[in-house]
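> Take this structure first; my questions come after.
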Amino acid sequence: MTKATIYGNANSFRVQKALVAAKLGGHVVSVAGAHAPEKKFPTHVLPALEEGSVHLAGETAIAAHFLGTSFTPEILQWVFYGEHRLQADVLAYVLPSVSAAKLDQRSIESARQELFAKLQEFNNTLQTRTFLAGERFSYADAT
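Numbering (the working numbering), first residue to last: 30 to 172.
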């Protein structure tokens with residue numbers, strides 16, 4: 030098996046998603062830090078994966094690589110749900126509390142209300158299933 034290296038901050042949620050995909054796919058990887066070789070990754074998108082001649086950027090592309098045929102459309106729909114329906118609101122609500130940036134309280138409260146409404150919608154979906162895609166834990170659940 031070719032040695033796989035992921036570039037990015039090991040504590041980043043994006044890197045963590047790539048590491049979950051690696052684990053689920055049975056791959057052993059190392060995290061090399063946030064400075065990916067520019068010639069191999071000219072877009073500067075992290076996380077970035079180097080595995081032999083494979084060079085990929087972005088946690089979803091990396092997950093698809095690690096999971097192969099188990100990265101099904103059913104899983105992909107939940108990845109997109111998290112990335113496009115929840116992530117922006119999570120970041121809008123959480124980042125001001127861990128940042129030196131000063132945002133007005135109305136914006137934060139609006140983000141909180143939007144996030145909680147979407148989480149209630151998501152909770153309703155979860156009430157009828159144990160796992161998001163199938164009968165066991167998958168990358169859909171991790172994302």
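Where a beta carbon is used, it is the ideal one built from N, C-alpha and C, also for glycine.
Return the chain-ordered list of same chain residues with a C-beta closer than 6 Å to the C-beta of Asn152, the five sequence neighbours on each side being excluded.
Non-local beta-carbon contacts of Asn152 in its own chain, meaning distances under 6 Å to residues more than five positions away in sequence, are absent.
> Given this structure, state the Cα-to-Cα distance separating Ala61 from Val74, to the nearest angstrom.
If you take the alpha carbons of Ala61 and Val74, they lie about 15 Å apart.
> Comparing C-alpha positions only, which one of Gly55, His84 and Val127 sits nearest to Ser99?
Gly55
> Thr172 and Val108 - do their beta-carbons sit closer together than 8 Å?
In this structure, Thr172 lies closer than 8 Å to Val108 by Cβ.
> To the nearest angstrom, how far is it from the Cα of Glu93 to the Cα of Glu164?
Note on residue identity: the sequence assigns Ala, not Glu, to residue 93. Spanning the alpha carbons of Ala93 and Glu164 requires a straight line of approximately 20 Å.
> Three or more C-beta pairs closer than 8 Å, one from the region 69-83 and one from the region 104-120: is that the case here?
no
> From Ala29 to Ala63, what does the alpha carbon distance come to, in whole angstroms?
Any answer about residue 29 is impossible in this case: the structure gives the chain only from 30 up to 172.
> Identify the continuous alpha helix (DSSP H) that holds Val108 and give its terminal residues.
Pro102 to Tyr110
> Between Glu138 and Ser126, what straight-line distance do the alpha-carbon atoms span, to the nearest angstrom?
Distance between the alpha carbons of Glu138 and Ser126: 12 Å.
> Determine the extent of the alpha helix (DSSP H) in which Thr154 is found, giving its start and end residues.
Gln134 to Leu155
> Would you kindly work out how many angstroms separate the C-alpha atoms of Lys52 and Leu120, rounded to a whole number?
26 Å
> Using 10 angstroms around the beta-carbon of Glu88, count the other beta-carbons present and answer buried if the total reaches 16, otherwise exposed.
Buried, since its Cβ has 16 or more Cβ neighbours within 10 Å.
> Just reading off the beta strand (DSSP E) that Glu88 is part of, what are its end residues?
Segment Glu88 to Leu96 is the alpha helix (DSSP H) holding Glu88; no beta strand (DSSP E) there.
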